[in-house]
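Asker: Here's a structure for you.
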Amino acid sequence: MSILVNKNTRVICQGITGKVGEFHTKGCKEYGTQMVGGVTPGKRGETVQGLPVFDTVIEAVEQTGADATMIFVPPAFTADAILEALDAGIKTIVAVTEGVPVVDMIHVYEKIRASDSVLIGPNCPGVITPGECKIGIMPGYIHQRGKCGIMSRSGTLTYEAVWQTSNLGLGQTTCVGLGGDPIVGTSFIDLLRRFQDDPETEAIMMIGEIGGSAEEEAARFVKQYVTKPVAAFIAGRTAPPGKRMGHAGAIISGGKGTAAEKVAALMDAGIEVADSPADMGVAMQRAIANKR
Amino acid sequence: MKIHEFQAKQLLRKAGVAVLDGEVAETPAAAAAAFQKLGGSLAVVKAQIHAGGRGKGTVKEHPQQRGVELVRSAVQAEAVAKNLLGNKLVTIQTGPEGQTVRRVFVEAGCQIARELYLGCVLDRAVARPVLMVSSEGGVEIEKVAAETPEKIFKEHFDAHVGLLPFQVRKLCQKLALTGNSVRSAEKFMRTLCRVFVSHDCSMLEINPLVVTQAGDLVALDAKMTFDDNALFRHPDLQELRDLSEEEPAEVRAGEAGLSYVKLEGNIGCLVNGAGLAMSTMDIIKYHGGQPANFLDVGGGANAKQVTEAFRILLSDPNVKGVLVNIFGGIMRCTTIAEALVEAYKTVGFSVPLVVRLEGTEVEQGRKILKESGVNIIAADGLTDAAKKIVAAVGI
Chain A
11 MSILVNKNTR
21 VICQGITGKV
31 GEFHTKGCKE
41 YGTQMVGGVT
51 PGKRGETVQG
61 LPVFDTVIEA
71 VEQTGADATM
81 IFVPPAFTAD
91 AILEALDAGI
101 KTIVAVTEGV
111 PVVDMIHVYE
121 KIRASDSVLI
131 GPNCPGVITP
141 GECKIGIMPG
151 YIHQRGKCGI
161 MSRSGTLTYE
171 AVWQTSNLGL
181 GQTTCVGLGG
191 DPIVGTSFID
201 LLRRFQDDPE
211 TEAIMMIGEI
221 GGSAEEEAAR
231 FVKQYVTKPV
241 AAFIAGRTAP
251 PGKRMGHAGA
261 IISGGKGTAA
271 EKVAALMDAG
281 IEVADSPADM
291 GVAMQRAIAN
301 KR
Chain B
540 MKIHEFQAKQ
550 LLRKAGVAVL
560 DGEVAETPAA
570 AAAAFQKLGG
580 SLAVVKAQIH
590 AGGRGKGTVK
600 EHPQQRGVEL
610 VRSAVQAEAV
620 AKNLLGNKLV
630 TIQTGPEGQT
640 VRRVFVEAGC
650 QIARELYLGC
660 VLDRAVARPV
670 LMVSSEGGVE
680 IEKVAAETPE
690 KIFKEHFDAH
700 VGLLPFQVRK
710 LCQKLALTGN
720 SVRSAEKFMR
730 TLCRVFVSHD
740 CSMLEINPLV
750 VTQAGDLVAL
760 DAKMTFDDNA
770 LFRHPDLQEL
780 RDLSEEEPAE
790 VRAGEAGLSY
800 VKLEGNIGCL
810 VNGAGLAMST
820 MDIIKYHGGQ
830 PANFLDVGGG
840 ANAKQVTEAF
850 RILLSDPNVK
860 GVLVNIFGGI
870 MRCTTIAEAL
880 VEAYKTVGFS
890 VPLVVRLEGT
900 EVEQGRKILK
910 ESGVNIIAAD
920 GLTDAAKKIV
930 AAVGI
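Chains as they are written, first to last, in the working numbering: chain A, 11 to 302; chain B, 540 to 934.
So this is what it looks like as structure tokens:
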């Protein structure tokens, strides 16, 4: 088992005719993902990477039976693309696009939370179940099927964690990049719940960063409900307050959202925290050993 | 993006939020003229810089001069403006070097009965905007939040419907506002919340928000910052950007599509992805070094951007070595390798360069670097990279 996506997931790409959309459609297809089509308004009838292009998501769903989408449209149109996918009944929506206005996401978030669809992102690398389905921009070869569920607010730092767990032979069940924006569709808690319920996932790794309070909320949830071993890392221990570190969400403001606060909350919940980003995999091993 | 107080007040006035009359002045003479134009017996001269704490801040060249000063004549207004303009104001937010004052805002006075606090931000935990008010105006809200959180009152509101009248009444009750002030508050608060959403603000703060002796609410200060990602739909707001208030290297990076933040150390970092860039800073420090910057070249950087990134890094005289850390996903290692080689040749490197590559097309990328003949210290993994650069700069 795995969470969110598997070998039966049928995926379309919104923005497939763009350079980036096409490049990653090809990458996902080569990885073994069941890519079944794409959507670009006005480009109906074209084919990209051997896949049919449609004008609307609803048509793509009707013609291909797609139940997941990967969104690469420009930031000004991303909210609309997400809502179109939702309206068409897509169950797993992955928005890779970076730079979506926060106000747009307030509305999208309300709609998504009131539905039974899941939104991953925006501003995220995507989701992958190794050996079955990759939706997003992560390099496939670093993954190895195994026992860790990995979730992260950052893209390339997720690759780092994946690489370390692969090299240690732990492997992964599913890896999810939540996205680096202030408002994203899925929280650590949503995924903790899914990983806890997934029989194949034996351990969970959480990679957070400064800003907001998502890690503290997750720590409280772990303390109460999660019985599987959990390891964590927080990026930005050396970041100065008031400076936005690339991600719109990564800013220490009003003395809140510091790494120190987050690490304290995680440790209080019995989570094994890596001091160095090079030790995320080792921290996972320690967490597993401690639970035995 | 940040803007000045006087610009924020112009926007608020246009939207129907009560602010006092005021004039911007770039010379002492203009400040005197502004005092006369306002026509009152007193006014306040306020330094306009993109940093808070101005009232308690002092001018480096004139240590007696504060950043905000009450004046009672045109002559006095001129004298205060003379102390401020062209000089550096040091506040708790500017750092010890201070920030040059290029403009002052001369504002009419008013009869203050009470000082309150009002702020509007996004509450990330619930993904909704929230209006916060407090009876403790004029002081640092962080301090109130830490010491007496029971004095801060919050109302979340729907971004599309806005703040509702009953929510204003709830807040008025907490703030002990009555009669005329409740009517004034309804207009003030509801308009402000509307501005927050319509202008794509990331923060809108009125501190202090004053209640005049007549019972009206007036914004005495105004701090407004905007969501950079939404500026594309606000050409009018883009024009308010004051580049002279920003770190030149950060402006240059922004123009090249790079995310750069200058820090105090001597190890320049070039990384793809914000999380990895932050972690690279962290691991340098973990191994005893000091990062000179945060630099995220993003997902789709090309050779030109990487070259510009190197130029920016090397223009910082503190940089004694550079660490490149790339885990390619959307970014291909071949792209970065080619760019590295080209940049190395065109920019002219005189400091050690440590490169760690992993991810999409990594083998080809490493091959390009190896065959280029460029003097690069190759690193295998994060810890190795951090140790090598720290050793190379010789701490």
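Ideal placement from N, C-alpha and C gives every residue a C-beta, glycine not left out.
Short check: CB of D114/A to CB of A95/A, under 7 Å?
Answerer: no
Asker: Would you kindly check if the distance between the Cβ of T175/A and the Cβ of D821/B is under 7 Å?
Answerer: no
Asker: Starting from the Cα of V893/B, find the closest Cα among Q650/B, L862/B, R605/B, I588/B and give me that residue.
Answerer: L862/B
Asker: So, for A570/B: in the same chain, excluding its five sequence neighbours on each side, which residues have a beta-carbon less than 7 Å away from its beta-carbon?
Answerer: A564, V584, A616, E617, A620, V643, V645
Asker: Among G280/A, V292/A, A269/A, Q295/A, which one has its Cα closest to the Cα of M817/B?
Answerer: Of the candidates G280/A, V292/A, A269/A, Q295/A, the one whose C-alpha sits nearest the C-alpha of M817/B is A269/A.
Asker: Grouping DSSP H, G and I as helix and E and B as strand, with all else coil, what is L129/A?
Answerer: Reduced to three states, the DSSP call for L129/A is strand.
Asker: Can you tell me the Cβ-Cβ gap for V932/B and P891/B, rounded? I've got them flagged as a contact below 8 Å.
Answerer: 7 Å
Asker: G48/A and V63/A - do their beta-carbons sit closer together than 7 Å?
Answerer: yes
Asker: According to DSSP, simplified to helix, strand and coil, what is C23/A?
Answerer: strand
Asker: Kindly provide the ranges of any beta strand (DSSP E) runs that are 3 or more residues long and lie completely inside the region 647–679 of chain B, ordered along the chain.
Answerer: Entirely contained in the region 647–679 of chain B, the beta strand (DSSP E) runs reaching 3 residues are, in chain order, 651–662, 667–673.
Asker: Which residues in chain A have a C-beta closer than 8 Å to the C-beta of D739/B? List them in chain order.
Answerer: P111, V112, V113
Asker: For P287/A, go through chain B and note every residue whose CB falls closer than 7 Å to its CB, in chain order.
Answerer: S818, D821, I822, L921
Asker: Is the shortest distance between the beta-carbon of A917/B and the beta-carbons of chain A less than 7 Å?
Answerer: no
Asker: May I ask which residues mark the beginning and end of the beta strand (DSSP E) holding D835/B?
Answerer: Per DSSP, D835/B belongs to the beta strand (DSSP E) from 832–835.
Asker: Taking its Cβ as the centre, do 16 or more other Cβ atoms sit within 10 Å of D77/A, making it buried, or is it exposed?
Answerer: buried
Asker: For N811/B, which of helix, strand or coil comes out of DSSP?
Answerer: Three-state DSSP puts N811/B in coil, outside helix and strand.
Asker: Tell me the rounded alpha-carbon separation between V858/B and G827/B.
Answerer: 16 Å
Asker: What span of residues does the alpha helix (DSSP H) with K36/A cover, start to end?
Answerer: 29–41
Asker: Quick one: Cα of G837/B to Cα of L797/B, how far?
Answerer: 7 Å
Asker: Would you check if the distance between the CB atom of F198/A and the CB atom of A224/A is smaller than 7 Å?
Answerer: yes
Asker: For a contact defined as C-beta to C-beta under 8 Å, what are the partners of P251/A on chain B?
Answerer: Under the 8 Å cutoff, chain B gives no residues; its nearest Cβ is about 10 Å from P251/A.
Asker: Can you name, in chain order, every residue of its own chain whose Cβ lies under 8 Å from the Cβ of V614/B, other than the five neighbours on each side?
Answerer: A571
Asker: Could you pull the start and end residues of the alpha helix (DSSP H) that S741/B belongs to?
Answerer: Looking at the DSSP string, S741/B is not in any alpha helix (DSSP H); the run it does join, the beta strand (DSSP E), is 740–751.
Asker: Using a Cβ-Cβ cut-off of 6 Å (strictly less than) and excluding sequence neighbours within five positions of G31/A, which residues of its own chain qualify?
Answerer: C23, G25, F82
Asker: Apply the 10 Å Cβ neighbour rule to P84/A and answer buried if 16 or more other Cβ atoms are within range, or exposed otherwise.
Answerer: exposed
Asker: Counting only beta-carbon separations shorter than 7 Å, does L180/A have a partner in chain B?
Answerer: no
Asker: So what's A573/B in DSSP terms, helix, strand or just coil?
Answerer: helix
Asker: Distance, Cα to Cα, T819/B vs P287/A?
Answerer: 8 Å
Asker: In chain A, which residues lie less than 7 Å from E899/B when you measure between Cβ atoms?
Answerer: Looking at the sequence itself, residue 899/B is Thr, so the reference to Glu does not match. Near T899/B (Cβ distances below 7 Å), the residues of chain A are P149.
Asker: V629/B to A761/B, Cα distance in whole Å?
Answerer: 19 Å
Asker: Measure the beta-carbon distance from M109/A to N768/B and round it to whole angstroms, keeping in mind my assumption that it falls under 8 Å.
Answerer: The residue you asked about is not Met; residue 109/A is Gly in the sequence shown. The Cβ separation is near 5 Å, so the contact holds.
Asker: So is G718/B buried or exposed if we call it buried at 16+ other beta carbons inside 10 Å?
Answerer: exposed
Asker: Determine, using beta carbons only, whether A876/B and R895/B come nearer to each other than 7 Å.
Answerer: no
Asker: Determine the closest residue to G55/A out of K29/A, I13/A, Q73/A, with distance taken between C-alpha atoms.
Answerer: Minimum Cα distance to G55/A is reached at Q73/A.
Asker: Chain C partners of P209/A, CB-CB under 7 Å?
Answerer: Among the chains of the structure shown, chain C does not appear; the protein chains present are A and B.
Asker: Assuming G146/A contacts I138/A under a Cβ cut-off of 8 Å, what Cβ separation, rounded to an integer in Å, is found between them?
Answerer: Indeed they touch by this definition, with Cβ atoms about 7 Å apart.
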